[in-house]
Amino acid sequence: MIPLKWTKADLRYAKITGAKVFASDYRSGDLGWGDTCAHAFIIRATFVTKRFTGIDLTRISAENQPYRIVTAHDILQAGYDLAIGLMSPPRGATWKVTGQFCRVGEIPEFLSQPLAILIYDDFLTFQRAAQELREERGIVRYADVPPDALLPEKPLDQMLAEWRGLVVDASLAKQHILWSAAPYRPSSQFGNGSLSYAGGQWSRADPAYPAEESAAAGAIYAELTQLKADALTVETTTTTQQVDPAFLEPECGLGRLEDGVMTLLTGTQSATGERRALAAITKDPSGAPIRGIEIMGADLGGGFGGRDMSPHIFQLAFAALFAGKPVRLAYDRFEQFQAGLKRHGSAVHSLISVTADGHLDRALVHFVFEGGAEINLSNPVMQLGALHATSFYKFRQASVNGVVTRRAVPVVGSMRGFGIPQVNFNIETAVDKLAVLRLKSDPVGFRRDQVLRHDPDPVKADCDIAGTPLRFHVANAEVCERALAHPLWRDRAAARQAAARRGIYRGVGFAGCMQAYGTSGDPQFAAVQLERDGSVTIWSETVDMGQGARQTLAAVAKGLFHSAAQVRLGTAEPFAVFSAQMLDHARVNALPVPDNWGSRSSASASKTAFFHVHVLREAAAALLRFRMLPALRDLVGSVQDDAALIACWTERGFGVEGRVVTLAEIARAIDDAGKERLAIAHGFFANGWSRARFVEGTVEHRCFADAIGFARNDGSPPTLIAPLDMVFAEQKGPGKARISRSGYAAGGHLIAVEIDRQAGTILVTDAVAIVDAGEPIIAAIFDGQVEGGLQMGIAHALFEELPRESALDRYVNFDRYIMPRASDVGAIGLEQINVPLPPDGALNAQDAYIRHKGAGEITMTTVAAAIANAIAHALGHHGETAWPSRLPIRIANLHFVGAPGA
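Heads up, this note's numbering is the position in the sequence shown plus 5, with the first residue counted as 1.
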């Protein structure tokens with residue numbers, strides 16, 4: 006959305022020069038709201054062991070008093086729900102936070118839970134007050150409580166030990182996946198239904214034989230629990246730390262309530278879900294109705310995640326309700342550490358075995374993810390962790406069991422990789438140990454021989470551990486082959502000895518995985534409008550969080566239209582009305598559409614190229630075939646078919662019938678014919694893209710989209726073209742459980758490290774990123790993903806660790822939360838290898854032809870495990886303790902046995 010003060014040209018210049026990029030760059034005057042703006046400061050809980058009894062404003066100096074204070078009491082008295090924006094726990098779990106704010110008389114549910122919003126009339130007073138409040142927090146009153154009033158919190162290692170016996174608080178969210186194939190009795194989620202465990206009993210939701218399959222699942226699990234470390238089995242326990250997304254920009258936003266409309270400008274991944282939650286606010290504090298909620302999206306400032314259903318926007322909304330004028334809520338870095346979303350810490354235990362002839366056989370995995378007080382996105386994080394806990398390997402039996410704990414800490418949610426980096430660290434170090442110590446084999450060659458293989462024929466394809474056949478391309482074996490042939494791997498022994506002569510421990514390690522992109526239930530919208538001047542405007546619900554979504558969509562549009570494109574991201578319109586029309590049409594006509602079809606979703610770092618670009622192309626094709634080409638024929642009297650006309654299209658326009666027709670002429674002709682110049686498309690991906698046939702007049706159009714419409718502009722209601730012959734891929738397997746994931750990208754890292762024991766340093770010197778991402782749309786952006794993924798992985802492996810007291814200590818900042826500096830990563834020799842796609846693209850000949858995959862996460866997932874495996878090689882593979890088992894890896898925790906090179 007273009008702020009009212011700015012012309013398109015001025016705003017474009019401001020963005021290019023960096024003046025107006027993030028939410029923190031905007032002021033109320035930029036939005037046409039006037040220059041008068043209030044400023045909000047949130048008072049947060051610093052104890053979860055005492056009762057909150059009130060706010061004492063007399064502790065603030067007279068000149069720093071707010072003009073308004075908003076507490077839970079004020080919010081409830083005005084008729085609002087304190088739980089607005091809090092996500093419901095998943096099926097089987099019961100715990101949830103009761104409110105965004107803590108009520109007086111209650112024990113705060115988590116550190117940093119808001120207690121009150123102080124609203125200041127001007128920035129200077131706000132700044133003085135904020136400084137005073139950060140130095141002296143005596144305005145919050147607490148009362149002691151008896152110990153039995155507090156929730157007990159067990160150590161993580163105790164939680165894991167109990168969970169290995171399936172003992173856990175029944176209120177928590179859990180996930181169980183059991184896979185069994187020949188020569189064992191077949192059993193899987195895909196074939197026999199979802200699996201649960203309660204009351205000491207396993208339950209498999211098989212539609213035909215639930216009792217028999219439940220008993221079989223229980224028997225298989227019981228057999229797997231007999232695994233123990235021996236000559237053919239490795240036992241591995243790993244822990245990873247809680248980390249902060251460490252965005253370039255702390256969260257910030259502007260809000261206003263005027264004429265019954267609440268408008269919020271902020272950086273968010275999940276504008277749709279937040280708008281849905283905020284719809285519960287139906288009136289202002291005086292009782293007047295609120296007619297609408299508008300969210301204006303700004304770029305996030307990097308980080309890849311950590312802004313999905315963040316509490317910040319809901320606190321901003323409450324401030325806007327009570328401020329009486331535009332208000333700004335801007336976190337500083339300390340407040341971001343206090344209150345921002347975090348990555349789950351983890352503890353993972355695995356037992357994996359091989360047969361006597363060296364083939365992977367069985368795996369038993371239990372993991373605990375450290376959640377926060379609110380569930381947020383912990384459930385899908387855990388589900389993805391479970392699905393990826395055996396990496397890209399072909400086990401014949403596997404049981405994976407995950408649980409998310411509840412802790413009285415700030416919200417823990419999604420970050421780049423969701424829960425996959427945590428489990429990958431365990432399985433990839435375990436497989437390395439198994440190959441090196443048990444089989445005395447090349448660990449990369451061993452991996453190559455054990456990975457899952459895809460095939461368009463589901464009967465021939467290997468299956469992931471949910472039992473879903475891998476019908477779509479995934480280059481697991483090719484990734485391993487590239488690593489095996491690379492000089493960094495081939496020459497690792499010689500390089501290790503050369504470093505030893507310098508007194509340095511050097512090693513090279515590899516780790517790989519296949520990583521799902523999307524949710525296998527992805528509704529996607531895109532809209533494109535041909536402007537009267539011949540330029541193009543694109544609308545997409547995705548946001549730019551560092552993955553280059555804006556440049557990517559603009560480049561695709563430029564390639565499609567041979568014209569410059571303006572891209573608007575994170576927008577609700579024109580999709581909100583179109584979505585409602587789709588759902589109404591499906592209801593009236595009793596169309597058999599999948600669950601979640603037509604709804605709107607949050608943005609993800611791994612969805613731009615495969616999802617948003619595909620639907621943009623379908624919207625562009627609809628605009629071309631239904632509006633542009635008919636107008637072109639009317640202009641020049643041509644009878645050529647579509648293919649012939651498109652073949653005449655260049656940057657100058659359409660060269661046809663002896664003249665060049667520009668896009669501006671076509672736009673005016675569309676207007677003269679009374680037609681629309683804005684096309685909207687919706688596609689649904691779940692085990693394949695949806696497809697349909699559309700007819701308008703003499704034009705018939707078949708495509709991999711299921712809804713097409715046209716509108717005068719992004720604010721006018723669109724006209725839906727009735728879809729015909731809608732086809733959706735099978736959403737469920739024979740067991741009637743929803744297919745977990747079907748689209749995967751493979752990837753891996755070769756990493757060399759040097760350890761200087763005297764200097765106390767662990768240094769990454771070389772890295773090879775091998776990525777199955779298809780064909781990059783913009784090479785520089787993809788290169789940035791690879792480089793950024795490596796650096797983020799290095800940070801996770803060697804640097805980052807969030808102090809436990811981050812919600813208490815008012816001075817936590819980047820002086821204590823250590824990130825890699827340029828001196829740590831600038832000299833790394835990074836090489837990138839892109840594994841090419843086959844002729845049929847990322848899917849297969851029967852599906853949409855797409856030559857891109859999601860690669861935002863696969864570029865960092867395997868880094869930590871590769872570093873750990875490199876360290877084990879550097880230390881001489883002297884035993885299982887050569888492999889680090891805890892992140893971040895510290896030199897003090899390494900087990901040195903011999904001299905360098907030994």
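Note that beta-carbon positions come from the ideal geometry of N, C-alpha and C, so glycine has one too.
If residue 421 sits next to residue 325, beta carbons under 8 Å apart, how far is it from one beta carbon to the other, in whole angstroms?
Here residue 421 is taken as the residue at index 416 of the sequence shown, counted from 1. Here residue 325 is taken as the residue at index 320 of the sequence shown, counted from 1. In fact, because the Cβ distance is near 30 Å, the residues do not count as touching under 8 Å.
How is residue 52 classed by DSSP in three states: helix, strand or coil?
Looking up residue 52 in the sequence shown gives position 47. Coil, per DSSP.
Please name the residue, chosen from 438, 429, 36, 91, that lies closest to residue 235 on a Cα-to-Cα basis.
Indexing the sequence shown from 1 puts residue 235 at position 230. Per the Cα distances, 438.
For residue 687 versus residue 575, is the C-beta distance shorter than 8 Å?
Translated into the one-based positions of the sequence shown, residue 687 becomes position 682. Translated into the one-based positions of the sequence shown, residue 575 becomes position 570. Cβ atoms of residue 687 and residue 575: not closer than 8 Å.
Are the Cβ atoms of residue 144 and residue 45 separated by less than 8 Å?
Along the sequence shown, one-based indexing puts residue 144 at 139. Along the sequence shown, one-based indexing puts residue 45 at 40. Contact flag unset, no.
Spatial neighbours of residue 243 within its chain, please: CB distance less than 6 Å, with the 5 preceding and 5 following residues excluded, ordered by chain position.
The residue labelled residue 243 in the question sits at position 238 within the sequence shown. Taking C-beta separations shorter than 6 Å and ignoring five residues to either side along the sequence, the partners of residue 243 in its chain run 353, 430, 431, 890, following chain order.
Using DSSP with H/G/I as helix, E/B as strand and the rest coil, what is residue 474?
Translated into the one-based positions of the sequence shown, residue 474 becomes position 469. Of the three classes helix, strand and coil, the one that applies to residue 474 here is strand, per DSSP.
Any chance the region 711-722 sits against the region 680-697, with 3 or more Cβ pairs inside 8 Å?
The count of Cβ pairs closer than 8 Å, one atom from the region 711-722 and one from the region 680-697, reaches three, so the stretches are in contact.
Out of 22, 817, 519, which one is the CA nearest neighbour of residue 865?
Here the question's residue 865 lines up with position 860 in the sequence shown. Among 22, 817, 519, the Cα nearest to that of residue 865 is on 519.
Neighbourhood of residue 316 by C-beta, 7 Å cutoff - its chain only, sequence neighbours within 5 removed:
Taking the sequence shown and counting its residues from 1, the one referred to as residue 316 is at position 311. Cβ within range, chain order: 90, 105, 344, 416.
Taking 7 Å as the limit between beta carbons, can you name the residues of its chain near residue 657, skipping five residues before and five after?
On the sequence shown, residue 657 is found 652 positions in, with the first residue counted as 1. Within the same chain, and ignoring the five residues on either side of residue 657 in sequence, the residues whose Cβ sits closer than 7 Å to its Cβ are 665.
With a CB to CB cut of under 6 Å and the five nearest residues on each side skipped, what residues in its chain are close to residue 636?
Taking the first residue of the sequence shown as 1, we reach residue 636 at position 631. Cβ neighbours of residue 636 beyond the five flanking positions: 671, 674, 675.
Considering only residues of the same chain and omitting the five flanking positions on each side of residue 31, which have a CB-CB separation below 8 Å?
By 1-based counting over the sequence shown, the position of residue 31 is 26. Contacts found: 8, 25, 259, 270, 303.
What runs of the beta strand (DSSP E), each 3 residues or longer, lie entirely inside the region 679-763?
683-690, 696-701, 704-708, 712-716, 724-726, 729-732, 749-761
Please return the same chain residues whose Cβ sits closer than 6 Å to the Cβ of residue 502, not counting the five positions on each side in sequence.
Indexing the sequence shown from 1 puts residue 502 at position 497. The answer, listed in chain order, is 906.
Starting from the C-beta of residue 460, find all residues in its chain whose C-beta is less than 6 Å away, skip the five residues before and the five after it, and write them out in chain order.
Along the sequence shown, read from residue 1 onward, the residue named residue 460 stands at position 455. By the criterion of a C-beta distance shorter than 6 Å, residue 460 is surrounded in its chain by 466, once the five residues flanking it on both sides are discounted.
Could you tell me whether the Cβ atoms of residue 568 and residue 668 are closer together than 8 Å?
Residue mapping note: residue 568 aligns to position 563 of the sequence shown, counting from 1. Residue mapping note: residue 668 aligns to position 663 of the sequence shown, counting from 1. Judged by their CB atoms, residue 568 and residue 668 are nearer to each other than the 8 Å cut-off.
Taking the alpha-carbon positions, what's the residue 495 to residue 246 distance?
Within the sequence shown, the letter at position 490 stands for residue 495. Within the sequence shown, the letter at position 241 stands for residue 246. Taking the CA atoms as reference points, residue 495 sits about 33 Å from residue 246.
So the candidates are 98, 766, 776; which of them puts its Cα closest to the Cα of residue 380?
On the sequence shown, position 375 is the one that residue 380 refers to. That would be 98, whose Cα lies nearest to the Cα of residue 380.
Please report how far the alpha carbon of residue 895 lies from the alpha carbon of residue 335, in whole angstroms.
For this step, residue 895 is matched to residue 890 along the sequence shown. For this step, residue 335 is matched to residue 330 along the sequence shown. Using only the alpha carbons, I get a separation of about 35 Å.
Would you tell me roughly how many angstroms separate the C-alpha atoms of residue 689 and residue 389, rounded to the nearest one?
Locating residue 689 in the sequence shown gives position 684, where the first residue counts as 1. Locating residue 389 in the sequence shown gives position 384, where the first residue counts as 1. One C-alpha to the other measures close to 20 Å.
Whole-angstrom Cβ separation of residue 617 and residue 554, contact assumed at under 8 Å?
Residue 617 sits at position 612 when you count from the first residue of the sequence shown. Residue 554 sits at position 549 when you count from the first residue of the sequence shown. 7 Å between Cβ atoms; contact.
Do the region 689-702 and the region 720-732 meet, that is, are 3 or more Cβ pairs less than 8 Å apart?
yes
Three-state secondary structure assigned by DSSP to residue 7
Sequence index remark: in the sequence shown, residue 7 carries index 2 (1-based). Only weak support is given to the placement of residue 7: the predicted model assigns it a pLDDT of 46, under 50, and the value that follows is read from those uncertain coordinates. Residue 7: coil per DSSP, three-state reduction.
Under the three-state DSSP convention, the category residue 390 falls into
Within the sequence shown, residue 390 is the residue found at index 385, counting from 1. Correct three-state label for residue 390: helix.
Can at least three beta-carbon pairs, one atom from the region 155-163 and one from the region 67-80, be found at a separation below 8 Å?
no
What span of residues does the beta strand (DSSP E) with residue 508 cover, start to end?
Within the sequence shown, residue 508 is the residue found at index 503, counting from 1. Segment: none, residue 508 is in no beta strand (DSSP E) and carries neither H nor E.
Beta strand (DSSP E) runs wholly inside the region 183-250, at least 3 long, in chain order:
200-203, 206-209, 238-245
Cβ atoms of residue 374 and residue 320: under 8 Å apart, would you say?
In the sequence shown, residue 320 corresponds to position 315, counting from 1. In the sequence shown, residue 374 corresponds to position 369, counting from 1. No, Cβ-Cβ distance for residue 320 and residue 374 is not below 8 Å.
Residue ranges of each alpha helix (DSSP H) within the region 130-159, 4 or longer
none
If I'm right that residue 51 touches residue 116 with Cβ under 8 Å, what's the distance once you round it to whole angstroms?
Along the sequence shown, read from residue 1 onward, the residue named residue 51 stands at position 46. Along the sequence shown, read from residue 1 onward, the residue named residue 116 stands at position 111. Sure, about 7 Å apart at Cβ, within 8 Å.
With a threshold of 7 Å, establish whether the CB of residue 765 neighbours any heavy atom of the ligand FAD.
Annotation note on the ligand FAD: not contained in the displayed structure, which lists no ligands.
Just to confirm before moving on: does the CB-CB distance between residue 102 and residue 305 stay below 8 Å?
Here residue 102 is taken as the residue at index 97 of the sequence shown, counted from 1. Here residue 305 is taken as the residue at index 300 of the sequence shown, counted from 1. Going by C-beta atoms, residue 102 is not nearer than 8 Å to residue 305.
Can you give me the C-alpha to C-alpha distance between residue 577 and residue 248, rounded to a whole angstrom?
To locate residue 577, count along the sequence shown from 1; it is residue 572. To locate residue 248, count along the sequence shown from 1; it is residue 243. C-alpha separation (whole angstroms): 31 Å.
Which residues in the same chain as residue 108 place their Cβ atom closer than 6 Å to its Cβ, once the five residues preceding and following it in sequence are excluded?
The count along the sequence shown starts at 1 and reaches residue 108 at position 103. Excluding residues within five positions, the ones whose Cβ falls inside 6 Å are 77.
Cβ-Cβ separation, residue 782 to residue 557 (assumed contact under 8 Å), whole Å
Numbered from its first residue, the sequence shown carries residue 557 at position 552. Numbered from its first residue, the sequence shown carries residue 782 at position 777. With a Cβ gap of about 5 Å, residue 557 and residue 782 count as contacting.
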